[in-house]
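Notes follow the structure.
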Amino acid sequence: MPFHLVQLNGASLRADPAGLEAAARQARYRALCTIACNVTPSALVPILVVAHHAQDQAETLLLRLVQGSGLSGLAAMRPVTLLDAAPLTSRPVRVVRPLLALTRTELADYARRHKLTWSEDESNADRTRSRNLIRHAVLPMLAQLNPQVVATLARTTTLLAEDVERLDAHDRQTLQNLIVAQDHARVLLNLTDLRRLSEGDRRGVLRMALRSLGADLRAIGAAQVMTLAAQVMATSARSGAHPLAAGLAWSIVTVDRQLHLALHRQDELPIAPEGPWLDASWRRQVVRAALPRTGEYVIGAWRLTSQTFDRDALPAEWQRNPNRWTAFCDADAVNAPVLTTPQPGDRIAPLGLAGKHKLVGDLFTDAKIAPALRPGWPVIVDDASGLLLWVCGLAQAHTARITTQTRRVLALTWRHAPETG
Numbered sequence: 037m038p039f040h041l042v043q044l045n046g047a048s049l050r051a052d053p054a055g056l057e058a059a060a061r062q063a064r065y066r067a068l069c070t071i072a073c074n075v076t077p078s079a080l081v082p083i084l085v086v087a088h089h090a091q092d093q094a095e096t097l098l099l100r101l102v103q104g105s106g107l108s109g110l111a112a113m114r115p116v117t118l119l120d121a122a123p124l125t126s127r128p129v130r131v132v133r134p135l136l137a138l139t140r141t142e143l144a145d146y147a148r149r150h151k152l153t154w155s156e157d158e159s160n161a162d163r164t165r166s167r168n169l170i171r172h173a174v175l176p177m178l179a180q181l182n183p184q185v186v187a188t189l190a191r192t193t194t195l196l197a198e199d200v201e202r203l204d205a206h207d208r209q210t211l212q213n214l215i216v217a218q219d220h221a222r223v224l225l226n227l228t229d230l231r232r233l234s235e236g237d238r239r240g241v242l243r244m245a246l247r248s249l250g251a252d253l254r255a256i257g258a259a260q261v262m263t264l265a266a267q268v269m270a271t272s273a274r275s276g277a278h279p280l281a282a283g284l285a286w287s288i289v290t291v292d293r294q295l296h297l298a299l300h301r302q303d304e305l306p307i308a309p310e311g312p313w314l315d316a317s318w319r320r321q322v323v324r325a326a327l328p329r330t331g332e333y334v335i336g337a338w339r340l341t342s343q344t345f346d347r348d349a350l351p352a353e354w355q356r357n358p359n360r361w362t363a364f365c366d367a368d369a370v371n372a373p374v375l376t377t378p379q380p381g382d383r384i385a386p387l388g389l390a391g392k393h394k395l396v397g398d399l400f401t402d403a404k405i406a407p408a409l410r411p412g413w414p415v416i417v418d419d420a421s422g423l424l425l426w427v428c429g430l431a432q433a434h435t436a437r438i439t440t441q442t443r444r445v446l447a448l449t450w451r452h453a454p455e456t457g
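For the sequence shown, this note's numbering begins at 37 and goes up steadily by one.
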């Protein structure tokens, strides 16, 4: 049989802020998932079979009980799960645990009957580790009350898992009734209707909403969900975003004079902007994007189209330009158009001011653009001259205006084109 060996760096595992055990577990699964993906054809789902048994399940239940886990955590390990392998591998991996119903004693008896040998990890005897303390001290004490305590606790996790599935279906439907808007970065809930729910339903809906954003609920924890459920009941309005674990945040916002709860990524706005907006990820990774003279640049659900044509082809209404997201420039006055975001102290000479300059910050203030939107507001700059050509949707530059001497026109247009995939 093929054999794969992966050696881990012990020093880096010990230095991990999550602790040695958590870091080692993450590293083991990363290695196993990588191997599973490498040996599995791309058309198939990789399957990872692990040997957790009933005692592991009982220990997990007790460990999560003393940690204060919610119902889903108390259901412990599932026989079959689809591992969201994004931080581990490039493909989802199915994890299968076929031995969960068998006790350690049954497995050892089977091995002896078939003359199979096994190795004992010496660290399993270290009672300074929580799971080992449960294994060597707590479970034997509970066995004095119920000799079948391992099988009983394992069976309890099965019952709890069934309840989790039933409640998840209920919470999923309730969440759908509360969603006002949702995309990859945020989910917006009707706060009035959320507050009408029972305390248990409210927590369940919040967990489901966080999960829809790809959150690891183990990282957030039951206590933080309970705190969030209480906070949304205790306030009518709050300014700014309030951080959660797993890179998420919550905000209470007003939309059409109604209060809503926004759960969103910390580097995203609580409400999707009405116009094109360059998020923190774009500002960090791209910074500046050169634009073609003819073609388009796609950013999220928006497309910036560039067209160059003769002045005679200008539309009849070009002077009053009813579309704020379209700009007509003298193509010969623009050398190297670049899409970027405003910088402190940026100035533009807007049309209608006879060449006089104005701070972009003042432009935002006059147009009542919310401060949270300003860092990601798209602007077009001439990379050759450094001049601002267009604060998109707000002001074009006098320097690139259409005149009687203009021969060719550069038309820039933003269009909302939601992704269909």
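We treat Cβ as the ideally placed atom computed from N, Cα and C, and that holds for glycine.
Closest to T435 by CA distance: which of E198, A266 and G388 is it? Minimum Cα distance to T435 is reached at G388.
In the DSSP assignment, the beta strand (DSSP E) including E95 goes from what residue to what residue? Counting along the chain, E95 falls outside any beta strand (DSSP E), though it belongs to the alpha helix (DSSP H) covering A90 to Q103.
Collapsed DSSP secondary structure at H300 in the structure displayed: When secondary structure is reduced to three states using DSSP, H300 falls in the strand class.
Whole angstroms is fine: what's the gap from D419's alpha carbon to A372's? Their backbone Cα atoms lie some 5 Å apart in a straight line.
Distance between beta carbons of I170 and L284, contact taken as under 8 Å: About 31 Å separates the two Cβ atoms, so there is no contact after all.
Whole angstroms are fine: how far does the CA of I438 sit from the CA of A352? Taking the straight line from one Cα to the other gives about 14 Å.
Unbroken alpha helix (DSSP H) runs of length 4 or more, entirely within the stretch 312-346: which are they? The alpha helix (DSSP H) runs lying completely inside the stretch 312-346 and spanning 4 residues or more are 316-321, given in chain order.
Restricting to runs no shorter than 3 residues, where is the beta strand (DSSP E) found entirely within the stretch 104-189? Listed in chain order, the complete beta strand (DSSP E) runs (minimum 3 residues) inside the stretch 104-189 are 116-119 and 129-132.
Option in A277, D229 and D92 with minimal Cα separation from A187: Each of A277, D229 and D92 was checked against the Cα of A187, and the nearest Cα belongs to D92.
Would you report the Cα separation of G397 and R64, rounded to the nearest angstrom? Linking G397 to R64 through their CA atoms gives a straight-line distance of about 51 Å.
Just verifying my parser: in three-state terms, what is the DSSP assignment at P279? Here P279 sits in strand by DSSP.
Where the alpha helix (DSSP H) containing Q267 begins and where it ends: Here the alpha helix (DSSP H) through Q267 covers A258 to A270.
Those runs of the alpha helix (DSSP H) which lie wholly inside the stretch 409-449 and span at least 4 residues: Secondary structure within the stretch 409-449: not one fully enclosed alpha helix (DSSP H) run of 4 or more consecutive residues is present.
Okay, do the stretch 111-118 and the stretch 191-200 touch, 3+ Cβ pairs below 8 Å being the bar? Counting Cβ pairs under 8 Å, three or more are found: they touch.
Nearest to S487 by CA position, among A221, H300, R243 and D368, is which residue? Not covered by the structure: residue 487. The range shown for the chain is 37 to 457.
Assuming D303 contacts A282 (C-beta within less than 8 Å), just tell me the rounded distance between them. With a beta-carbon spacing of about 13 Å, D303 and A282 fall beyond the 8 Å limit used to define contacts.
With 16 as the cutoff for other CB atoms within 10 Å, does S155 come out buried or exposed? Burial call: exposed.
First and last residue of the uninterrupted beta strand (DSSP E) at L246: It is not in any beta strand (DSSP E) - L246 instead sits in the alpha helix (DSSP H) that spans E235 to S248.
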